[in-house]
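A.B. asks: First residue of the sequence shown? That's 718 in this note's numbering, and the numbers climb one at a time after it.
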Amino acid sequence: MATASASNVLRLPGEGLATGLEQLEWAEVQKHNTRESSWLVINDQVYDITNFGRRHPGGKVIYHYAGQDATDSFRALHPDSALVMKYLKPLLIGQVFTQTGFCIGYTIFIARNIDSFMPSEIQNLHLLSEGVSIVSIGITVACVLPLCFVKKVKQLSVFSLIADVTLVVGMAIVLYYDDCSEVYNMEGINWSGLPIFFGLVTSSFEGIGLVVPVERTMNKDALRYPLLLDIVLCLVTLMLGSFGILGYLTYGNDTKDVITLNLPEDAALTYVVKLFPVTEIFDFVFLKKASENLFDVKGNFIRVVCCLFTATIAFFVPFFGLISGLIGALGSSFLAFILPVIFHLKLFHRTLSWWVIAKDVIILLFGSAALIVGTIFAVRDIINALI
């Protein structure tokens, strides 16, 4: 192992940890004296970032500012960073709004699948003709609420894997019952529904918030990440597009917003499909709502309130498609199109070429138009559905 002199060490203040980096002690570092390696210091903890700096796209920046305080280096590299900070509050609000909306969507989705197993007497315990029963909402809350008090998030990959497997199995079963040999009850394109459609598409890519964290953990393959991201997005688009097209070709205008409700009730495999929302609960709740402190009374109280709030909205506004469209148009458009472009222009406008700036402006205008138009149409359709 080789080490660098003091000028080759980048110091970072704060309480963050360097994910995936080798942690070392100062005494071990000082045993060596070459300038071939680099070290990262966080709260007097030393991390070997030699390979990270060489293979990561930001390695040149790290080497350029080595020996300086990270806060000062960031301000020197991004003099407009103070302007970006004012957008953090809207960013947090947007994240809270979208995640709350996804919770409502999950509640509706699970409750409607539970309803399909209930007797007709229980299914009729709802406010609207296409609503969900109070019993299914109660069962959903009973399943979700205890999971909100988990003490720590550890070794959750198994739950995510189970959820992914059941999701793929469920999609395979739906496609198995998608018989497109007889296309019926088809109408022309409903252009008035285009804004809602865009919101649904945008909400389908809710994982956009994981792009940076995932990239940050790919120390060895960081240079390949843009290509991998493009491939994944293309595959997801192809999968979702095929799923939607085949479903509509099979059921036409009778297609439900929760397509599992279109499956034949006498099919044995239908049970497996309608069971996968239960595993989705584990994936969703553990990853997004787990508590670091089981005895955090205030935090747990907030979780209870949020859970009951989402269940209440799901009961009174039980429209999965419209809710997803609203969240996608208002929340996801803001987080996926508008804010990233604003950050990019604010931080790098001095070094951007004119065509990159033009591209950012086009994306910004498109995202703003989609947000405004999609939100108006989604709210209108929700109001019409409630009347």
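All C-beta atoms, glycine included, are put in the ideal place defined by N, C-alpha and C.
In chain order, what residues of the same chain have a beta carbon less than 6 Å from the beta carbon of Ala1087, not counting five sequence neighbours either side?
C.D. replies: For the purposes of this step, residue 1087 is taken as residue 370 along the sequence shown, with counting starting at 1. Same-chain partners within the cutoff: Phe915, Ser1050.
A.B. asks: What first and last residue would you give for the alpha helix (DSSP H) that runs through Cys820?
C.D. replies: Counting from one through the sequence shown, the residue named residue 820 turns up at place 103. Looking at the DSSP string, the run of the alpha helix (DSSP H) that includes Cys820 is 805-832.
A.B. asks: Do Thr1027 and Thr817 have their C-beta atoms within less than 8 Å of each other?
C.D. replies: Position 310 of the sequence shown, counted from the first residue, corresponds to residue 1027. Position 100 of the sequence shown, counted from the first residue, corresponds to residue 817. It is a contact, given that the beta carbons lie within the stated cut-off.
A.B. asks: Would you check if the distance between the CB atom of Ile1099 and the CB atom of Val1021 is smaller than 8 Å?
C.D. replies: On the sequence shown, residue 1099 is found 382 positions in, with the first residue counted as 1. On the sequence shown, residue 1021 is found 304 positions in, with the first residue counted as 1. For Ile1099 and Val1021, no; Cβs fall outside 8 Å.
A.B. asks: By DSSP, does Thr883 sit in helix, in strand, or in coil?
C.D. replies: Reading the sequence shown from its first residue, position 166 is the one you call residue 883. Helix, per DSSP.
A.B. asks: Hey, would you say Ile1093 sits closer than 8 Å to Gly822, going by beta carbons?
C.D. replies: Within the sequence shown, numbered from 1, the residue matching residue 1093 stands at position 376. Within the sequence shown, numbered from 1, the residue matching residue 822 stands at position 105. Not in contact: Ile1093 and Gly822 (Cβ atoms no closer than 8 Å).
A.B. asks: Look at the alpha carbon of Ala1095 and the alpha carbon of Gly1084, and state the distance between them as a whole number of angstroms.
C.D. replies: Position 378 of the sequence shown, counted from the first residue, corresponds to residue 1095. Position 367 of the sequence shown, counted from the first residue, corresponds to residue 1084. About 16 Å.
A.B. asks: For Thr1029, which option in Thr967, Val1058, Thr1068, Val858 has the closest C-alpha, if you only look at C-alpha atoms?
C.D. replies: Along the sequence shown, read from residue 1 onward, the residue named residue 1029 stands at position 312. Per the Cα distances, Val858.
A.B. asks: So, with DSSP's three-state summary, where would you put Thr1068?
C.D. replies: By 1-based counting over the sequence shown, the position of residue 1068 is 351. If DSSP states are grouped into helix, strand and coil, Thr1068 belongs with coil.
A.B. asks: Sort Gly961, Leu1082, Asn1101 by Cα distance to Phe1036 and report the nearest one.
C.D. replies: Along the sequence shown, read from residue 1 onward, the residue named residue 1036 stands at position 319. The shortest Cα separation from Phe1036 among Gly961, Leu1082, Asn1101 belongs to Asn1101.
A.B. asks: What does a CB cutoff of less than 6 Å around Ala985 pick up in its chain, not counting 5 residues either side in sequence?
C.D. replies: For the purposes of this step, residue 985 is taken as residue 268 along the sequence shown, with counting starting at 1. Per-residue confidence for Ala985 stands at a pLDDT of 37, beneath the threshold of 50, marking its modelled position as unreliable; the derived number appears in the next sentence. Answer for Ala985: no residue qualifies.
A.B. asks: With distances taken from CA atoms, which of Gly1042, Asp1077, Val1073 is nearest Phe1054?
C.D. replies: On the sequence shown, position 337 is the one that residue 1054 refers to. Comparing Cα-Cα distances from Phe1054 to each of Gly1042, Asp1077, Val1073, the minimum goes to Asp1077.
A.B. asks: Would you kindly check if the distance between the Cβ of Gly1048 and the Cβ of Gly811 is under 8 Å?
C.D. replies: Along the sequence shown, one-based indexing puts residue 811 at 94. Along the sequence shown, one-based indexing puts residue 1048 at 331. For Gly811 and Gly1048, yes; Cβs fall inside 8 Å.
A.B. asks: Secondary structure at Ile856, three-state DSSP: helix, strand or coil?
C.D. replies: Locating residue 856 in the sequence shown gives position 139, where the first residue counts as 1. Three-state result, Ile856: helix.
A.B. asks: With burial defined as no fewer than 16 other Cβ atoms inside 10 Å of the residue's Cβ, what is the status of Ser832: buried or exposed?
C.D. replies: Walking along the sequence shown from the start, residue 832 turns up at place 115. According to the sequence displayed, residue 832 carries Asp and not Ser. Buried.
A.B. asks: Quick one: give me the first and last residue of the alpha helix (DSSP H) that Val918 is part of.
C.D. replies: Numbered from its first residue, the sequence shown carries residue 918 at position 201. Counting along the chain, the alpha helix (DSSP H) containing Val918 begins and ends at 911-921.
A.B. asks: Is any heavy atom of the ligand GTP found at a distance shorter than 7 Å from the C-beta of Phe1051?
C.D. replies: In terms of ligand content, the structure shown is empty, and the ligand GTP therefore cannot be addressed.
A.B. asks: Report the three-state DSSP secondary structure of Ile1040 (helix, strand or coil).
C.D. replies: Locating residue 1040 in the sequence shown gives position 323, where the first residue counts as 1. In the structure shown, Ile1040 sits in a helix (DSSP, three-state: H, G or I).
A.B. asks: With a threshold of 7 Å on Cβ separation, who are the neighbours of His1061 within its own chain once the five nearest residues in sequence on each side are excluded?
C.D. replies: Locating residue 1061 in the sequence shown gives position 344, where the first residue counts as 1. Cβ within range, chain order: Asp1077.
A.B. asks: Count the other CB atoms, across all protein chains shown, that sit within 10 Å of the CB of Ser1070; report buried if there are 16 or more and exposed otherwise.
C.D. replies: Here residue 1070 refers to the residue found at position 353 of the sequence shown. Exposed, by the Cβ-count rule.
A.B. asks: Rounded to a whole number of angstroms, what is the C-alpha to C-alpha distance between Gly1091 and Ile1080?
C.D. replies: Taking the first residue of the sequence shown as position 1, residue 1091 is located at position 374. Taking the first residue of the sequence shown as position 1, residue 1080 is located at position 363. The alpha-carbon atoms of Gly1091 and Ile1080 are separated by roughly 16 Å.
A.B. asks: How big is the Cα-Cα spacing for Leu809 and Leu1025?
C.D. replies: Indexing the sequence shown from 1 puts residue 809 at position 92. Indexing the sequence shown from 1 puts residue 1025 at position 308. C-alpha separation (whole angstroms): 21 Å.
A.B. asks: DSSP on Pro863, reduced to helix/strand/coil?
C.D. replies: Numbered from its first residue, the sequence shown carries residue 863 at position 146. The answer is helix: DSSP assigns Pro863 an H, G or I state.
A.B. asks: Should Ile913 and Leu1039 be called a contact, given that it needs their Cβ atoms to be closer than 8 Å?
C.D. replies: As a working note, residue 913 is residue 196 in the sequence shown. As a working note, residue 1039 is residue 322 in the sequence shown. Yes. Within cutoff.
A.B. asks: Going by CA-CA distance only, name the one from Val918, Val813, Trp908, Cys860 that's closest to Ser674.
C.D. replies: There is simply no residue 674 to check, as the chain begins at 718 and stops at 1104 in what is shown.
A.B. asks: With burial defined as no fewer than 16 other Cβ atoms inside 10 Å of the residue's Cβ, what is the status of Gly964: buried or exposed?
C.D. replies: To locate residue 964, count along the sequence shown from 1; it is residue 247. Buried, since its Cβ has 16 or more Cβ neighbours within 10 Å.
A.B. asks: Would the beta-carbon of Val849 fall within 8 Å of that of Ala828?
C.D. replies: In the sequence shown, residue 849 corresponds to position 132, counting from 1. In the sequence shown, residue 828 corresponds to position 111, counting from 1. For Val849 and Ala828, yes; Cβs fall inside 8 Å.
A.B. asks: Rounded to the nearest angstrom, what separates Ser853 and Phe1018 at their Cα positions?
C.D. replies: Here residue 853 corresponds to residue number 136 of the sequence shown, with the count starting at 1. Here residue 1018 corresponds to residue number 301 of the sequence shown, with the count starting at 1. Roughly 23 Å between the two C-alpha positions.
A.B. asks: Look up Pro1035 in the DSSP assignment and say whether it is helix, strand or coil.
C.D. replies: Residue numbering aside, residue 1035 sits at position 318 when the sequence shown is read from its first letter. Coil at Pro1035, not helix or strand.
A.B. asks: Using 8 Å as the threshold, is the C-beta distance between Ile879 and Phe1032 below it?
C.D. replies: For the purposes of this step, residue 879 is taken as the residue at position 162 of the sequence shown. For the purposes of this step, residue 1032 is taken as the residue at position 315 of the sequence shown. No, they are not a contact pair.
A.B. asks: Closest by CA to Ile907, which one among Ile1104, Ala889, Asn970?
C.D. replies: For this step, residue 907 is matched to residue 190 along the sequence shown. Correcting the residue identity first, residue 907 is Asn in this sequence and not Ile. Among Ile1104, Ala889, Asn970, the Cα nearest to that of Asn907 is on Asn970.
A.B. asks: Rounded C-beta distance between His1066 and Ile1074? I'm assuming under 8 Å.
C.D. replies: Residue mapping note: residue 1066 aligns to position 349 of the sequence shown, counting from 1. Residue mapping note: residue 1074 aligns to position 357 of the sequence shown, counting from 1. Confirmed, Cβ separation roughly 7 Å.
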